[in-house]
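> Numbering (the working numbering), first residue to last: 11 to 533. Structure below; questions to follow.
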C-alpha cells in the first residue's frame, strides 16, 4: 500500500503498469488490520499511523473528514488509539485513491488473486511465476512479504483446538473453552483483549518463555537537540567494533540527563516482576515527564536504522539472542487503555500470565496440557501468537526467498530476511531491479524500525524514486525502450499467505516490481 501510494506521488515520467498479486479477496490491509473484533486497537498513536512519512497526520486528517461526513458515528476521531478495523478501512481507501491517481496519470494497476511461487532473471528482466500458472516479465520487483506467520514451536498444526494464526481475530476466537495464548507480545495481547471484551467466561492464559507483557506507552519526551546530535554523530562516526558500547553509554547518559531512574530502567527490562504489579506501576507513570520509556524512542528513532546497519553481525546476533525480547517490550508498547483492561482482568482472575513455558501435550479426547514454570494447566483451545522471525520455508513467502537464494538472486540474512543495500533497499545480488520493503529487510534495518509505518513509507519513497524517473537499474541487460515494468508483491499491511508484496503499508507476502512499462505488486 505504501509503495503504490509513493508511486502515485512520485515524478510522473512515463506510465507504469502495476500488477498486484494478492490471493485474498482484496488488497490493502493485511492480517492485523482486517475485520477484527472491535476491541483490538492499533498500538501506535493515530498521529504516527500515516501511510506518508512526509505527512504524519494523514490518518488523523482522514478521521476528521470521516467524522464530518457522518461516517461511523460510533467512532471517536479524536481518540489517540483507533480500532484496527478502522485503520484497515483507511488503508483500503488510500489504496483506492492512489490507484485512481496512477490511472489519471496514464498508469495501470492490475490486481491478480495469485501468489508468486518463483522468480528468475531472463533477458535482463525479472520473471515471475505465479500460482495460477502465469509467467510475466518485469523490470523491477519489490519484495514486501510482511511479517512471518507465528511459528508452530510445539508441532500442534492440525490438532483440533489449535489455532495456528489468530488473525483475523473474530472467527478464530472460541466461546466457553479455557484458552491458552502462546506468547505475551502485542499479538497475544490482541487475543486477550478480544476475548475479554466479548465476555469470555472460561480462563484465559498468556504463556511464554519470559512472561513479559509489552510496556505501557507513555507520553513522548522532548529531546535536547545537543544530546540528539551527539548520539547521531556517534552512530555515524564511531568504529563499528566500539559502536555498541559507545551508543549504550550515550543513551544511558542521555536518559539520566532526562531525569530517568536507573531502578525503573532495570525493572522495566527485567523478568520476574508480577504482571499486575508491572502494569499498575507503568500505568502510574504514563504521564510522568521523567519516564525513561518516553525518552528512549525519540532518542533512538532518528538513528535506529543506521545504528543497526553499522553494528557488526555478531553483535546483532548477540542482541537478538540476549536482549531483544526485553527491549522489544519497550520499543513496541501497548496503549494505556489496553493495559488498564489487562490489569483489571489480572486482578479479577479472568486473565493469567505464565512464564517459563516448556511443553504442550495434546490430550486424548481433545484439549491440551500446558507446562510452564508455574506448573501445568488444561487448555481447550490454544491460540498461536508466537513471534516468528525467520520465514517458514513451508510458507509461500519463505519458499520464495529460498528459491531466490538458490538462484543466487538473494542471500538469506542470519538476522532475518535478505541482505539489502542500506541507502536504496535493493536486494544485494546480480539483479539490480530487485528490492525489498518491510520485514524482509529486518536483518539490515531491524524489525522495530522496518516495521514502523512511517519508516516503511520513507523507504517506499526511496524505491519509488528509483523506479519511476529513469531507466530501469538492471545491469544485466538494457531495458527495452519505452517500457516500464514493476511488480510489487503484497499491496497490504500484513502478510498474506503465498503472496509477493511490493506496494504495501506494513507488510505482505510477496515479491516483484519492475519499471519500464509494468509494475507488479504481489500480496
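Ideal Cβ placement from N, Cα and C applies to all residues, glycine included. A quick note: this is a predicted structure, and the numbers were derived from the prediction, not measured.
#1: Taking the C-alpha atoms as reference points, what is the distance between residue 159 and residue 395?
#2: Please go through the same chain and pick out, in chain order, the residues whose beta-carbon is closer than 7 Å to the beta-carbon of residue 270, but skip the five residues on each side of it.
#3: Suppose you measure from the CA of residue 95 to the CA of residue 401; what does that come to, to the nearest Å?
#4: Does DSSP classify residue 304 as helix, strand or coil?
#5: Who are the near neighbours of residue 296 in its chain, counting only those whose CB is closer than 8 Å to its CB and skipping five residues on each side?
#6: Grab me the residues of residue 508's own chain with a C-beta within less than 7 Å of its C-beta, minus the 5 sequence neighbours each way, in chain order.
#7: Pull up the CB-CB distance for residue 447 and residue 63, whole angstroms please, since I reckon it's below 8 Å.
#8: Find the nearest neighbour of residue 409 within the set 232, 197, 128 and 332, judged by alpha-carbon distance.
#9: Where does residue 214 sit, in a helix, a strand or coil, going by DSSP?
#10: Rounding to the nearest angstrom, what Cα-Cα distance links residue 484 and residue 385 in this structure?
#11: Note down, in chain order, each residue of its chain lying with its Cβ closer than 8 Å to the Cβ of residue 319, except the 5 sequence neighbours on either side.
#12: Between which residues of its own chain and residue 474 is the CB-CB distance below 7 Å, once the five residues before and five after are set aside?
#13: List the endpoints of the continuous alpha helix (DSSP H) containing residue 110.
#14: So, residue 430 versus residue 419, is the Cβ gap smaller than 9 Å?
#15: Between residue 178 and residue 249, what straight-line distance do the alpha-carbon atoms span, to the nearest angstrom?
#16: So, at 6 Å on beta carbons, what are the nonlocal neighbours of residue 223 in its own chain, with the 5 sequence-adjacent residues on each side left out?
#17: Who are residue 551's beta bridge partners in DSSP?
#18: Which one or two residues does DSSP pair with residue 146 in a beta bridge?
#19: Check this for me: beta carbons of residue 309 and residue 265, under 9 Å apart or not?
#20: To the nearest angstrom, report how far apart residue 422 and residue 403 are at their CA atoms.
#21: Along the chain, where does the alpha helix (DSSP H) containing residue 346 start, and where does it finish?
#22: What number of angstroms, rounded off, separates the C-alpha of residue 27 from the C-alpha of residue 105?
#23: Near residue 109, which residues of its chain fall below 6 Å by C-beta distance, leaving aside the five closest residues on each side in sequence?
#24: Using DSSP with H/G/I as helix, E/B as strand and the rest coil, what is residue 417?
#25: For residue 372, which residues of its own chain have a beta-carbon under 6 Å away from its beta-carbon, when the five flanking residues on both sides are left out?
#26: Mind checking who residue 131 pairs with in its DSSP beta bridge?
#27: What does the alpha-carbon distance come out to for the pair residue 445 and residue 381?
The short version:
#1: For residue 159 and residue 395, the distance between alpha carbons rounds to 9 Å.
#2: The answer, listed in chain order, is 300, 302 and 305.
#3: Rounded to the nearest angstrom, the two C-alpha atoms are 26 Å apart.
#4: Helix at residue 304.
#5: Closer than 8 Å at the Cβ level, and outside the excluded window around residue 296, lie 226, 227, 228, 229 and 346.
#6: Since pLDDT at residue 508 reaches only 31, below the 50 mark, its modelled position is unreliable, and the value read off the structure follows with that caveat. Same-chain partners within the cutoff: 33, 125, 141, 406 and 519.
#7: Contact flag wrong, Cβ pair sits at about 13 Å.
#8: With distances taken between Cα atoms, residue 409 lies closest to 128.
#9: It is a strand residue.
#10: Note that residue 484 scores 42 on pLDDT, short of 50, meaning its location in the model is unreliable; the coordinates nonetheless yield the value given after this. Rounded to whole angstroms, the gap between the alpha carbons of residue 484 and residue 385 is 58 Å.
#11: If we look at residue 319 and ignore the five residues flanking it on each side, its Cβ neighbours are 432, 454 and 455.
#12: Correct list, in chain order: 13, 16, 17 and 20.
#13: Following the DSSP letters along the chain, one finds residue 110 inside the alpha helix (DSSP H) bounded by residues 94-114.
#14: No, they are not a contact pair.
#15: Whole-angstrom Cα-Cα distance: 45 Å.
#16: Counting only Cβ-Cβ distances below 6 Å, and skipping sequence neighbours, we find 194 and 285.
#17: No answer is possible for residue 551: the residues shown for the chain start at 11 and end at 533.
#18: DSSP output for residue 146 lists 138 as bridge partner(s).
#19: Taking 9 Å as the Cβ cut-off, residue 309 and residue 265 qualify as a contacting pair.
#20: Cα to Cα, the separation comes out at about 12 Å.
#21: Per DSSP, residue 346 belongs to the alpha helix (DSSP H) from 346-358.
#22: So the alpha carbons of these two residues sit roughly 15 Å apart.
#23: The beta carbon of residue 109 sits closer than 6 Å to the beta carbons of 119 from its chain, once the five residues preceding and following it are set aside; these are given in chain order.
#24: Residue state for residue 417 is assigned as coil, using DSSP reduced to three classes.
#25: If you ignore the 5 residues before and after residue 372, its C-beta comes within less than 6 Å of the C-beta of 169 and 378, all in its own chain and listed in chain order.
#26: Partner residues in the beta bridge of residue 131, as assigned by DSSP, are 136.
#27: When rounded, the distance between both Cα atoms is 43 Å.
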